[in-house]
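*Asks:* Next up is a structure, given as structure tokens.
Protein chains: 2
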Amino acid sequence: MENKVTDAELAILQVLWRNGPSTVREVNDIIAEERQVGYTTTLKLLQIMLEKGLVTRDATDKSHRYWAVVQEKAIQRTLVGKMLDTVFHGSSSALVMQALGNHEPTPEELIKIKEFIERIEAQQRDE
Amino acid sequence: MENKVTDAELAILQVLWRNGPSTVREVNDIIAEERQVGYTTTLKLLQIMLEKGLVTRDATDKSHRYWAVVQEKAIQRTLVGKMLDTVFHGSSSALVMQALGNHEPTPEELIKIKEFIERIEAQQRDE
DNA sequence: AGAGATCTACGAAAGATTTCGTAAATATTT
DNA sequence: AAATATTTACGAAATCTTTCGTAGATCTCT
Numbered sequence: 008m009e010n011k012v013t014d015a016e017l018a019i020l021q022v023l024w025r026n027g028p029s030t031v032r033e034v035n036d037i038i039a040e041e042r043q044v045g046y047t048t049t050l051k052l053l054q055i056m057l058e059k060g061l062v063t064r065d066a067t068d069k070s071h072r073y074w075a076v077v078q079e080k081a082i083q084r085t086l087v088g089k090m091l092d093t094v095f096h097g098s099s100s101a102l103v104m105q106a107l108g109n110h111e112p113t114p115e116e117l118i119k120i121k122e123f124i125e126r127i128e129a130q131q132r133d134e
Numbered sequence: 008m009e010n011k012v013t014d015a016e017l018a019i020l021q022v023l024w025r026n027g028p029s030t031v032r033e034v035n036d037i038i039a040e041e042r043q044v045g046y047t048t049t050l051k052l053l054q055i056m057l058e059k060g061l062v063t064r065d066a067t068d069k070s071h072r073y074w075a076v077v078q079e080k081a082i083q084r085t086l087v088g089k090m091l092d093t094v095f096h097g098s099s100s101a102l103v104m105q106a107l108g109n110h111e112p113t114p115e116e117l118i119k120i121k122e123f124i125e126r127i128e129a130q131q132r133d134e
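Here the protein sequences come in this chain order: A and B.
Letter by letter, the first sequence follows residues 8 to 134 of the numbering used here.
Letter by letter, the second sequence follows residues 8 to 134 of the numbering used here.
And the structure:
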């Protein structure tokens with residue numbers, strides 16, 4: 008992953024991940040709910056993201072429709088990895104505990120996490 | 008937390024967290040191992056961080072000694088919180104699984120995490 | 001004390017990111 | 001078909017971050 012994704016780009020990607028293929032206006036309407044952003048700003052960002060290959064578009068109609076090329080999981084992986092390296096010294100357990108302490112999951116989610124851990128443990132035993 | 012901590016500032020904070028109160032030269036020597044950075048760049052950044060209140064210093068001696076005011080845990084909390092909001096839709100379990108998948112912890116760490124989860128579960132039962 | 005080394009302060013350049021204004025093209029309405 | 005709306009393209013301004021050069025102060029060594 009050579010290209011860094013900036014904050015403004017990430018905000019746009021989130022809209023595209025959530026809503027699927029969208030026009031500039033649709034994206035901008037949603038971004039503008041949060042903070043004041045002009046239409047051409049969003050347009051310009053999407054054009055930059057197109058160049059970087061973060062998104063693609065269908066330019067058949069007058070208002071082009073954009074969608075994310077980079078997948079949310081890939082960005083999650085990159086960002087978690089960077090965070091592990093920079094502020095957690097590579098300790099995933101420290102990150103995990105911070106995350107759990109930060110925003111407590113539901114009982115169901117806790118069970119899922121435990122199952123996930125047990126799968127890792129089983130795998131480690133086989134090695 | 009009003010002030011955003013930039014990447015260059017974070018790199019300096021990491022040195023201060025690891026090594027404790029340090030002079031500009033000491034900080035710069037360590038940063039410069041990784042990437043080429045001039046002495047006055049590090050100096051300027053520390054002065055900016057001083058203004059922002061991220062660090063403080065003892066200016067008794069000629070070479071001032073700086074240390075972090077903001078604690079590593081606080082930054083971890085902030086960054087994990089931001090990440091939860093932006094790319095994980097508030098789902099700490101998704102973040103946890105990404106972290107565990109990303110960089111597998113040692114068996115000992117896994118046990119610590121399980122204990123941590125069990126403490127949360129016990130607490131949830133009491134509510 | 002004088003020369004040389006090291007340090008701080010700080011403005012300003014350089015670089016990166018975000019924002020917007022304007023022009024031209026395309027669509028819509030009357 | 002003319003007037004009005006909306007859209008794209010794109011340069012450039014505005015803003016934020018990082019980097020450095022220079023001046024002057026302080027220390028060290030001879």
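C-beta: ideal position from N, C-alpha, C; glycine also.
1) Taking the C-alpha atoms as reference points, what is the distance between residue 22/A and residue 75/A?
2) Taking only beta-carbon positions, decide if residue 88/B is within less than 8 Å of chain A.
3) Let me confirm a value: residue 8/A is counted as buried when at least 16 other C-beta atoms fall within 10 Å, else exposed. Which label applies?
4) Assuming residue 62/A is part of the beta strand (DSSP E), what are its boundary residues?
5) Using only alpha-carbon positions, find the residue among 104/B, 100/B, 114/B that is nearest to residue 1/A.
6) Please state if the CB of residue 37/A and the CB of residue 44/A are separated by a distance shorter than 8 Å.
7) Between 119/B, 96/B, 54/B, which lies nearest to residue 72/B when the distance is taken from Cα to Cα?
8) For chain A, find out if any of its Cβ atoms is closer than 8 Å to the Cβ of residue 142/B; answer yes or no.
9) For residue 78/A, which option in 27/A, 15/A, 47/A has the closest C-alpha, if you only look at C-alpha atoms?
10) So, at 6 Å on beta carbons, what are the nonlocal neighbours of residue 46/A in its own chain, with the 5 sequence-adjacent residues on each side left out?
11) Which partner residues does residue 73/A have in the DSSP bridge list?
12) Please compile the residues from chain A whose C-beta is within a distance smaller than 7 Å of the C-beta of residue 84/B.
*Replies:* Taking the geometry as given:
1) When rounded, the distance between both Cα atoms is 9 Å.
2) Yes, its Cβ sits closer than 8 Å to a Cβ of chain A.
3) Confidence is the limiting factor: at residue 8/A the pLDDT is only 46, short of 50, which leaves the residue's position unreliable and the question unanswerable from this model.
4) Per DSSP, residue 62/A belongs to the beta strand (DSSP E) from 62 to 65.
5) A question about residue 1/A goes unanswered here, because the residues of chain A that appear run from 8 up to 134.
6) The Cβ atoms of residue 44/A and residue 37/A do not sit closer than 8 Å to each other.
7) Looking at the Cα atoms, 54/B is the closest of the given residues.
8) Only positions 8 to 134 of chain B appear in the structure, and residue 142/B is not among them; the question remains open.
9) When only C-alpha atoms are compared, the closest one is 27/A.
10) The residues are 35.
11) By DSSP's assignment, residue 73/A forms a beta bridge with 29/A, 64/A.
12) Close to residue 84/B, with beta-carbon spacing below 7 Å, are these residues of chain A in chain order: 105, 109.
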